[in-house]
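Novice: First residue of the sequence shown? That's 248 in the numbering used here, and the numbers climb one at a time after it. Ideal Cβ positions, reconstructed from N, Cα and C, are used throughout, including at glycine.
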Amino acid sequence: TVRPFELIGHPQLDPYRFVELCHSSMEKAGLRGCRLRPATFVPTFDKYEEQACNGFQVHITDRKTFRPWLTGQLLLRELYRELGRHFTWREPPFEYVYDLLPIDLLNGSEQPRLWVEGQGGMEELLGLEAKGREAFLEKRKEVLLYREVARKK
248 TVRPFELIGH
258 PQLDPYRFVE
268 LCHSSMEKAG
278 LRGCRLRPAT
288 FVPTFDKYEE
298 QACNGFQVHI
308 TDRKTFRPWL
318 TGQLLLRELY
328 RELGRHFTWR
338 EPPFEYVYDL
348 LPIDLLNGSE
358 QPRLWVEGQG
368 GMEELLGLEA
378 KGREAFLEKR
388 KEVLLYREVA
398 RKK
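#1: Could you pull out every residue in the same chain whose Cβ sits closer than 8 angstroms to the Cβ of Trp362, ignoring the five residues on either side in sequence?
#2: Under a Cβ-count criterion, where at least 16 other Cβ atoms within 10 Å of its own Cβ denotes burial, should Leu391 be classed as buried or exposed?
#3: If I follow the unbroken beta strand (DSSP E) through Gly256, where does it start and stop?
#4: Apart from the five residues just before and just after His333, which ones in its own chain have a Cβ nearer than 6 angstroms to its Cβ?
#5: Can you tell me the Cα-Cα spacing of Trp316 and Ala377, whole angstroms?
#6: Could you tell me which residues DSSP pairs with Ala286 in its beta bridges?
#7: Measuring straight from C-alpha to C-alpha, what distance separates His257 and Glu389?
#8: As a quick exercise: from Ala276, Glu329, Arg314, pick the residue whose alpha carbon is nearest that of Gly302.
#9: Is the number of C-beta pairs between the segment 280-287 and the segment 298-312 that are closer than 8 angstroms three or more?
#10: Measure the C-alpha to C-alpha separation of Glu385 and Leu353 and round it to an integer number of angstroms.
#11: Go to Gly368, then tell me how far its alpha helix (DSSP H) extends in each direction, as first and last residue.
#12: Find out if the Cβ-Cβ distance for the pair Pro359, Leu348 is shorter than 8 angstroms.
#13: Which first and last residues belong to the alpha helix (DSSP H) in which Leu393 is found?
#14: Assign Thr318 to buried or exposed, taking buried as 16 or more other Cβ atoms, counted over all protein chains shown, within 10 Å of its Cβ.
#15: Name the DSSP beta bridge partners of Arg279, please?
#16: CB Leu322 to CB Ala286, shorter than 8 angstroms?
Next comes the structure, spelled out in structure tokens:
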């Protein structure tokens, strides 16, 4: 869609039931800061071009508490579980990379995808986040336009 990571769906999904399931999973995981709104849309390109997709739109309600990467991985896990054999990862190429699954490229490794496929728990996901976050913060220093300012908590 033209709203990647914001509008998510699949032709086989029951959006109302799935949103309730996701809200419950997010609550159990302690993930806050967003609500999901059931939605139906018709993509004009990519995987489900011209097919009605049922799903949800992500609405950020508190950007200070919202943890987008963790929430996204949890939602992927729930989609993987819910859709079963109907779930497929997008195949390469993606952004001129021909030898990696796009989800692995977006996440920086295969570990989050393997967590989704293995139906991993939150402790394991938090470990993946900590490991990836440290590497990301170090790498991004070279491209920051403004230096970081210490924030009051």
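Specialist: In brief:
#1: Gln320, Arg324, Glu371, Leu372, Leu375
#2: exposed
#3: Counting along the chain, the beta strand (DSSP E) containing Gly256 begins and ends at 254-257.
#4: Gln259
#5: 11 angstroms
#6: Gly302
#7: 38 angstroms
#8: Glu329
#9: Segments in contact, yes.
#10: 17 angstroms
#11: Gly368 -> no alpha helix (DSSP H), and no H or E assigned at all.
#12: Going by C-beta atoms, Pro359 is not nearer than 8 angstroms to Leu348.
#13: One detail in the question is off: residue 393 reads as Tyr in this sequence, not Leu. From DSSP, Tyr393 is part of no alpha helix (DSSP H); its letter is neither H nor E.
#14: buried
#15: Phe313
#16: no
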